[in-house]
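A quick write-up on the structure given underneath.
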Amino acid sequence: MSIPLLEYSPSSQNQRVEGYEVPNEDTPTIYKLTSATLATDVDEIIWAGYRQIFSEHLILSSYRQKFLESQLRNQAINIRDFIRGLGKSEVFRSQVADVNSNYRLVDLILQRFLGRKSYNKKEEIAWSIVIATKGVHGFIDALLDSEEYLENFGDDIVPYQRRRYQGRPFNLVNPRYSDYWRNAQSMRSIGTRSFYNIRTSGSLTTEDIRKAIPAGFFAMAGNIITPERNYQRTIASVTSQVKTMEIPDTSRELTTEEVTIKPVAVSLPYNYIPSIAKN
């Protein structure tokens, strides 16, 4: 008996509100199989499916699912079946599902298959339980068979980011795996070896190895670090100096003697006042 999906209340997000924007360069292109009249149109639909599910702007040869492409070209399957096949492929499992936790995997798959982010943490927990009980394939089937998917994309439309208003595309801001997976891989590769043994492996010189040893680095850093100032001791010293400091008396006594200023003869270089003629 499988665990039923937990209830969660959808938040009021951008894609749940009717849009009134004028179409511009941010308006997503809708790839529809029923509108394809040429073989090049089908090629664009296949490229859009790879870009949406694998988050790649170029179709890598190792990612291609030629059997699904052939079925889609021959109209043996619709776009929803093509998207389902890409999500259940070995490439998607190894490149996306195996390198992320269930919570982050829920958010990524919702973005790529439903064109929106997760509403809240409750939704991530609810779908993560589905992944734990039914696996990633069961989670993808639940999304593609949901009313939300059929209402927005149906059988013949490639999923896209709905109402990308003042926001970059999901595949440009979300890397394939998070930093915790990279750190886990680094620790797994290190194993029980010491840092010195790892750095000595390879074609490094002795000088490079000595510079990379943490003990040598900390010793070098300790030599260049300036000594810390004890602010409490400095404040106490300044306070004691202020208390014991003697301020010199710079005042002057007032005198009542009259001061006379004597005129001083000044010789000018020339007479600028004309002389008065005598009678």
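So in this note's numbering, the last spot in the sequence shown is 297, and the numbers never skip.
Glycine included, every Cβ here is placed at the ideal spot set by N, Cα and C.
- Distance from the CA atom of A254 to the CA atom of I265, rounded to whole angstroms, is 20 Å.
- Looking at R270, T252 and R194, the one whose alpha-carbon comes closest to that of R69 is R194.
- Annotation for H155: the continuous alpha helix (DSSP H) segment containing it runs K139 to L162.
- Separation of Q83 and E62 (C-alpha to C-alpha, rounded to the nearest whole angstrom) is 15 Å.
- With contacts defined as CB atoms closer than 7 Å, E142 and V154 fail to qualify as a contacting pair.
- Nearest Cα to S196 within the set R122, R130 and F188: R122.
- Judged by beta-carbon spacing, G103 lies within the 7 Å limit of L86, meaning their Cβ atoms are closer than that value.
- Look at I175 here: in three-state DSSP terms it is strand.
- Out of A66, I95, Y178 and R200, the CA that lies nearest to the CA of L128 is found in Y178.
- Residue burial is scored here from C-beta neighbours: R200 has fewer than 16 other C-beta atoms within 10 angstroms and is therefore classed as exposed.
- Residues of the same chain with a CB within less than 6 Å of the CB of Y81, apart from the 5 flanking positions on each side, are F72 and V109 in chain order.
- Assignment of K280 by DSSP, reduced to helix, strand and coil, places it in the coil class.
- Between the alpha carbons of D116 and S146 lies a distance of about 14 Å.
- Of all alpha-carbon atoms in P46, D99, Q203 and L126, the one lying nearest the alpha-carbon of D163 is that of D99.
- For the options N92, I77, H75 and L76, the alpha carbon positioned closest to that of T55 is the one of N92.
- Residue environment analysis places G172 among the exposed positions, since fewer than 16 neighbouring C-beta atoms fall within 10 angstroms of its C-beta.
- When the alpha-carbon of L161 is set against those of K152, S119 and F131, the nearest one is in F131.
- As computed with DSSP, K50 is found in a beta bridge with I175.
- Under the 10 Å beta carbon count, K261 is surrounded by fewer than 16 other beta carbons and is classified as exposed.
- In the DSSP assignment, R122 falls within the unbroken alpha helix (DSSP H) covering N120 to I127.
- Residue burial is scored here from C-beta neighbours: A66 has at least 16 other C-beta atoms within 10 angstroms and is therefore classed as buried.
- Of the other Cβ atoms in all chains shown, fewer than 16 fall within 10 Å of the Cβ of Q203; this residue is therefore exposed.
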